[in-house]
Amino acid sequence: MKKVTILFSTMAMIASMAWSQDYITLDVNNSETPATFEFTDNSECWDSTYSEGYPWLVLPPFKLSHLCGGASYGSVYWDGFTVCRSGDNAQYPEAQMLAHQWDVMPGGGITDVDDEGNVTVSGDQPYFLGYWSSWYGSACNRVTFSDNKRYKPVGMFVTNTCYAYYSVQGGTSSANAFTQEGDSFMLVAHGVNSERTKATTCEIELAGVHDGEFKGLTDWTWWDLSSLGDCDEIYFEMTSTDVGTWGINTPTYFAMDRLTVQLSDKQGGVDETSLDRGEVTSVTYVNLAGQQSQHPHEGMNIVITRYGNGSITTSKEMR
1 MKKVTILFST MAMIASMAWS QDYITLDVNN SETPATFEFT DNSECWDSTY SEGYPWLVLP
61 PFKLSHLCGG ASYGSVYWDG FTVCRSGDNA QYPEAQMLAH QWDVMPGGGI TDVDDEGNVT
121 VSGDQPYFLG YWSSWYGSAC NRVTFSDNKR YKPVGMFVTN TCYAYYSVQG GTSSANAFTQ
181 EGDSFMLVAH GVNSERTKAT TCEIELAGVH DGEFKGLTDW TWWDLSSLGD CDEIYFEMTS
241 TDVGTWGINT PTYFAMDRLT VQLSDKQGGV DETSLDRGEV TSVTYVNLAG QQSQHPHEGM
301 NIVITRYGNG SITTSKEMR
């Protein structure tokens, strides 16, 4: 097991959570759908990560999006959130990086945070891994609530996956190393409720170069999300200064643990008809082979619709 110490302000927040009955923390052991997260022998990810039968992971009151487009294209693609369990944080040759996309820099999930702010980590402890797809955007990494109640985000622990960290630290054939002043890899959280047409946001830097020095998160780091306010939904997006013809070159992965919320005294619930999405800006059709077009393919299509307010919806359509 590994122990790290977090800042005093974070320690105070964690300590207050210990006695308050108002706080609710995302717990991998409190799963409703699936009933449990199973791992096959020597596997570092949930054995149904590529299953098309789980559009949502339900851990009451949390609902986490999984495979939001509905297709894994023959078990070669996944997005949204999954659950991983790995104590491996080694740096592998580039050809092996994707096979180790489930690993995190701290070397496991959080087993304990004591009153002095010491975080205990174990390779046997599961954690949540997010993969953000720019094609699905705001529809990809979503957290909603199964009881249709409104919550105030408190915060969560976040860190880098090994795949993303080592890519920006040393570079790969498809991603540039962060060597220039201002290079930055960010995770952005958006809080949405039905009274707002635009989301509130807050962000945390996962890696960057400042004052000539490269730094990236290698421990579980507390991220204060309280500025998001009252939310019916939280969704995450990622940005990087390393952008190419097809979008972000940096592997868009992040890991989270112990997402914590508090029941809001302003209840509402999401009413999709009341959200002013604005005009449709684009429609993309994706077939089961992963090919994208502005026109429908013959057979099954995943239809990705983008709107003027930045939101995205997905649906299935047979042609």
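The numbering used here puts the first residue of the sequence shown at 1, with every later residue one more than the last.
Glycine is no exception: its CB is placed at the ideal position from the N, C-alpha and C atoms.
Within a 10 Å sphere around the beta-carbon of GLU213 sit fewer than 16 other beta-carbons, which makes this residue exposed. Buried is the label assigned to HIS66, since at least 16 other Cβ atoms lie within 10 Å of its Cβ. Across the structure, ASP22 and PRO153 are spaced so that their CA atoms are roughly 12 Å apart.
Pairing THR252 with GLU298, the inter-Cα distance amounts to about 30 Å. About 7 Å separates the beta carbons of PHE236 and TRP132, which is inside the 8 Å limit, making them a contact pair.
Residue state for LEU98 is assigned as helix, using DSSP reduced to three classes. With a beta-carbon spacing of about 4 Å, GLY109 and TYR127 fall inside the 8 Å limit used to define contacts.
About 6 Å separates the beta carbon of VAL209 from that of GLN180, a gap short enough to meet the 8 Å contact definition. MET156 sits close to LEU225, with the two beta carbons spaced by under 8 Å. Under DSSP, HIS190 shares a beta bridge with THR201, TYR235. Taken through DSSP and simplified to helix, strand or coil, TYR165 comes out as helix. Inclusion of PHE254 and THR161 in the CB contact set at 8 Å is warranted, their separation being smaller than that value. ARG85 places its beta carbon less than 8 Å from that of ASP124.
With respect to the 8 Å criterion, LYS63 and SER146 are classified as neighbours on the basis of their beta carbons.
THR25 is a Cβ neighbour of LEU259, given a cutoff of 8 Å. In this structure, SER264 sits away from ASP211, with a CB-CB distance that is not shorter than 8 Å.
For MET105, the closest of THR218, TRP56, THR200, VAL76 by C-alpha to C-alpha distance is THR218. For the pair PHE178 and LEU206, the CB atoms are not nearer than the 8 Å cut-off. Straight across, the Cα-Cα distance linking ILE234 with GLU32 is about 20 Å. Straight-line measurement puts the Cα of THR221 at about 18 Å from the Cα of VAL83. Using a Cβ distance threshold of 8 Å, ALA175 and ASP242 count as a contacting pair. Secondary structure at GLY216: strand, using DSSP grouped into helix, strand and coil.
Take the alpha-carbon of GLY53 and the one of PRO34: they are about 10 Å apart.
When the Cα atoms are used, ASN141 and SER72 turn out to be separated by approximately 16 Å. Across the structure, SER138 and GLY191 are spaced so that their CA atoms are roughly 11 Å apart. Its Cα nearest to that of GLU203, the residue VAL158 stands out among MET318, GLY182, VAL158. Listed in chain order, the non-local C-beta contacts of ASP47 below 7 Å within the same chain comprise GLU38, PHE39, THR40, local neighbours out to five positions each way being set aside. Residues of the same chain with a CB within less than 6 Å of the CB of ASP88, apart from the 5 flanking positions on each side, are ASP103 in chain order. In this structure, the CA atom of ASP183 is about 24 Å from the CA atom of TYR136. Only residues of its own chain outside the window of five on either side were considered, and among them PRO61, LEU263, SER264, GLN267, GLY269 have a CB closer than 8 Å to the CB of LYS149, listed in chain order. Per the coordinates, the alpha-carbon of MET238 lies some 24 Å from the alpha-carbon of SER75.
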